[in-house]
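Contents: one structure, followed by commentary.
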Amino acid sequence: MPEHTPAKPADSVVTGAGILLDHVTKRYPGQARPAVDGLTMEIPAGKTVMLVGPSGCGKTTTLKMINRLIEPSEGRIVVDGDDVTQMNGDRLRRGIGYVIQAGGLFPHMTVATNIGIVPRMLGWTRERVAARVDELLELVSLDPEQYRDRYPKELSGGQQQRVGVARALAADPPVLLMDEPFGAVDPITRLRLQDELINIQDELQKTIVCVTHDFDEAVKLGDWIAIFDEGAQLVQYDTPERILGNPANEFVENFIGSGAGLKQLTLTRVADVGMEKAVLARPGEPAGDVLARIVAAGHGHAVVVDSRERPIQWLSRRKLDRLETIGSTPDPALPVVGSRATLSDALDTMLVSSAGAALVTGRRDVFKGVIDIKTVMDAIGRSQDAAALDSTDAPVGLNTGIFSTPATGDEGDDSAPADNPGPSGAAGDAPAAP
Amino acid sequence: MSRAPAPGRAAWRGLALQLAGIVAAGLGLAGWLATADLSKTELTTLAPAALWGYTVEHLQLTLVAAVIVLLIAVPLGVALTRTAMRRFTGPVLTAANIGQAAPAIGLVVLLAFWLGFGFWAATMGLVLYALLPVLRNTIVGLQQVDARLVEAGRGMGMSAAAVLLRVELPLAVPVMLAGIRTAMVLLVGTAALATFINGGGLGILITTGVNLKLTSVLVTGSLLVALLALLVDWLGRVVEQLARPKGL
Chain E
3 MPEHTPAKPA
13 DSVVTGAGIL
23 LDHVTKRYPG
33 QARPAVDGLT
43 MEIPAGKTVM
53 LVGPSGCGKT
63 TTLKMINRLI
73 EPSEGRIVVD
83 GDDVTQMNGD
93 RLRRGIGYVI
103 QAGGLFPHMT
113 VATNIGIVPR
123 MLGWTRERVA
133 ARVDELLELV
143 SLDPEQYRDR
153 YPKELSGGQQ
163 QRVGVARALA
173 ADPPVLLMDE
183 PFGAVDPITR
193 LRLQDELINI
203 QDELQKTIVC
213 VTHDFDEAVK
223 LGDWIAIFDE
233 GAQLVQYDTP
243 ERILGNPANE
253 FVENFIGSGA
263 GLKQLTLTRV
273 ADVGMEKAVL
283 ARPGEPAGDV
293 LARIVAAGHG
303 HAVVVDSRER
313 PIQWLSRRKL
323 DRLETIGSTP
333 DPALPVVGSR
343 ATLSDALDTM
353 LVSSAGAALV
363 TGRRDVFKGV
373 IDIKTVMDAI
383 GRSQDAAALD
393 STDAPVGLNT
403 GIFSTPATGD
413 EGDDSAPADN
423 PGPSGAAGDA
433 PAAP
Chain W
847 MSRAPAPGRA
857 AWRGLALQLA
867 GIVAAGLGLA
877 GWLATADLSK
887 TELTTLAPAA
897 LWGYTVEHLQ
907 LTLVAAVIVL
917 LIAVPLGVAL
927 TRTAMRRFTG
937 PVLTAANIGQ
947 AAPAIGLVVL
957 LAFWLGFGFW
967 AATMGLVLYA
977 LLPVLRNTIV
987 GLQQVDARLV
997 EAGRGMGMSA
1007 AAVLLRVELP
1017 LAVPVMLAGI
1027 RTAMVLLVGT
1037 AALATFINGG
1047 GLGILITTGV
1057 NLKLTSVLVT
1067 GSLLVALLAL
1077 LVDWLGRVVE
1087 QLARPKGL
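Top line first, the protein sequences correspond to chains E and W. Remember, my numbering sits 2 above the position in the first sequence when you count from 1. Remember, my numbering sits 846 above the position in the second sequence when you count from 1.
Next comes the structure, spelled out in structure tokens:
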């Protein structure tokens, strides 16, 4: 996917901080094998890194060691260039957003009180906290007037999860840790929350570390995916494209499951691929005129849009032939996809429609263009080509060995992603050996 | 949100009924005492001032014991739910269970031989007897707080003390108050035994009534203890209604 590597949009600024786990080990008393064994992992600033793996693989332990809810037995945690392994844990955690499953809202506090917890601990004035609460509720698409004084039990699961995200963002922390954030909501709500998180992240550019057991979620949300085996053995740490197109070994292949090709379709959004123009028509026009326009343009169909540019009908030459004037009744079976939808959604819509193509709409359902199956096929081909190339900017992720040694395949020889200034300093001053 | 007040209103209606019942029974007792044909001994024993004195003594026993119980059981319960102390929870609950399982009268009398007869021995017995419900409900109340909420609090940078005060205790309040109410009712009933070791209270009416075969005195004493227990129960329920955290 193109937006991983090249320059970011000009209007968004990275507010995240890089994180470095430096030879981090966690041993629990009475357990023979460490839960996390000598993990070295770089998390680039402003990126979303998904930690995935089977249950008990140590991914959650790894996450909780970043904010030291679990104290590492050995190794260092470096956030934004500062070694935080020795600092006061409570102070560290106030500077790191933390989202857990189902939001983890305090049931005896209102939405506003829940969101204001960290700002109040940081000594913000009452007015500043109140203003921030409203701002955050807007950010997570909840109307402040309606929701700020509600109690969590008066919210749906999805709304609770949104408030959970708002609460984690309250003091504008550079890093957001999420522990299976969308595990407790229904699939439809989960998709919507994922889309919203992507939008929020586009705007805020935090560093997000997110644990999930859902590989599809990792593919959808992650700039980078770290796949763990037991003992937090980092099996592969790469972009979703490359993990899907070029799995490191059988374990990763099994973990991806079937349909890697189809999953690649979830990586690209309709807006990112080319759309074709269409001949537009308005209700009330003589059908003959429209037919003439299609023939002149060499198209097979005309799109009828209403006064607000929303598509209402999609007429073939044959249908136009039979009509006198264009009608204004919307066709309920119209194959329409939003421009933020994934290619996977678009393909699904196309397969259902007889046309083998779908209409793309943008904001306020305004018609934008037509996408067809050939466009989708081209996109798959392109992403497979991209995956075959070696990624030169992958962050470091190792379990053993020495940080600067070029080893373990294609991921050990680069100490920092090219496009992120944050953690490169952190990576640079890492010791050569523990 | 519109559904929220309904259960609360039902609870308040129940409370109003309970209070009305207690007041009616109290008035009935007073009316009967005023009109009944009582002997001289009965009149002396049941004089309003004497009854008031016994009731005050009884309440003193109950309240002092309750305060001591709270001071011991709540901090102990909190301590026993902290990670470092959790392994002691079982043994301590067992010990507290013994306090409650032992017959109250035996406990009170044994303590009297140790501490001497009087108010404080009685209070000690009552404390041992009422410790368990408060301790157990404090522990259960804190244990039933969703561990993920504690983790969410710590994850946001709240200190362990802040999580305890602002998350765990408020959420444990309903269960803890139920335990405290149970203990108070137990205390009012058990305080009637204090009279055996010269500890005062309404129990004296019952023993006098039994010893001198004065049924009116016996009935008055028993009714007053019962009404007092119901009144304390009512007060406890009112506090529970008022102190329940909103949003639960």
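Where a beta carbon is used, it is the ideal one built from N, C-alpha and C, also for glycine.
For F108 (chain E), there is no enclosing beta strand (DSSP E), as DSSP marks it with neither H nor E. The continuous beta strand (DSSP E) containing V338 (chain E) extends over residues V338 to G340. At a cut-off of 8 Å between C-beta atoms, P1020 (chain W) does not count as an interface residue with respect to chain E. When Cβ pairs closer than 8 Å are counted between the two stretches, the stretch 953 to 973 of chain W is seen not to touch the stretch 1014 to 1021 of chain W, the count staying below three.
The residue among W:V986, W:T1036 and W:W1080 with its C-alpha nearest the C-alpha of A950 (chain W) is W:T1036.
With 16 or more other Cβ atoms inside 10 Å of its own Cβ, R1027 (chain W) counts as buried.
Listed along chain E, the residues sitting closer than 7 Å to L995 (chain W) by beta-carbon distance are G106 and F108. In this model, G83 (chain E) and T209 (chain E) are separated by some 14 Å (Cα to Cα). Burial is judged here by how many other beta carbons sit within 10 angstroms of a residue's own beta carbon; A911 (chain W) has at least 16 and is buried. Closer than 8 Å at the C-beta level to chain W, one finds these residues of the stretch 135 to 155 of chain E: R152, Y153, P154 and K155. A distance below 7 Å between beta-carbons, with the five flanking residues on each side excluded, links A168 (chain E) to the following residues of its chain, in chain order: I117, L138, L139, L141 and V142. Using beta-carbon distances, Y100 (chain E) counts as an interface residue toward chain W, with a partner under 8 Å. For G40 (chain E), the enclosing beta strand (DSSP E) covers residues V38 to I45. Ranking E:H25, E:A360 and E:I328 by CA distance to the CA of T87 (chain E) puts E:H25 first. The beta-carbon of N69 (chain E) is placed less than 8 Å from the nearest beta-carbon of chain W.
At a cut-off of 8 Å between beta-carbon atoms, M931 (chain W) makes no contact with chain E. The Cβ atoms of L981 (chain W) and L1051 (chain W) lie no closer than 8 Å to each other. Residue pairing by DSSP places V51 (chain E) opposite E:V211 and E:W226 in a beta bridge. Interface with chain W (8 Å Cβ-Cβ cutoff): V372 (chain E) is excluded. Straight across, the Cα-Cα distance linking I229 (chain E) with V135 (chain E) is about 36 Å. By the C-beta density criterion, F959 (chain W) is exposed, having fewer than 16 other C-beta atoms within 10 angstroms. The three-state secondary structure of F217 (chain E), taken from DSSP, is helix. Excluding its 5 nearest sequence neighbours in each direction, I868 (chain W) has C-beta neighbours in its own chain below 7 Å: L1073, L1076, L1077 and W1080, listed in chain order. Secondary-structure assignment with DSSP links P288 (chain E) through a beta bridge to E:T327. Secondary structure note for K28 (chain E): its beta strand (DSSP E) is the uninterrupted segment I21 to K28.
Distance from G60 (chain E) to G233 (chain E) at the Cβ level is roughly 6 Å; contact confirmed, criterion being Cβ atoms closer than 8 Å. Per DSSP, A976 (chain W) is one residue of the alpha helix (DSSP H) stretching across F965 to Q989. For V120 (chain E), the residues of chain W that pass the 8 Å Cβ criterion are M1002 and G1003, in the order they occur in the chain. Residue range T935 to A947 is occupied by the alpha helix (DSSP H) that includes A947 (chain W). In the DSSP secondary-structure assignment, Q235 (chain E) is bridged to E:D231. Under DSSP, R271 (chain E) shares a beta bridge with E:T344. Close CB contacts of V986 (chain W) within its chain, under the 7 Å cut and outside five residues either way in sequence, are with V1021 (chain order).
The Cβ atoms of P154 (chain E) and P109 (chain E) sit closer than 8 Å to each other.
Neighbours of V1085 (chain W) in chain E, taken as residues at a C-beta separation under 9 Å, are lacking, since the least C-beta distance is about 17 Å. In this structure, DSSP gives A280 (chain E) a state outside helix and strand, which the three-state scheme calls coil.
Excluding five sequence positions before and after H303 (chain E), the CB atoms of its chain that fall closer than 6 Å to its own CB belong to W316 and S318, given in chain order.
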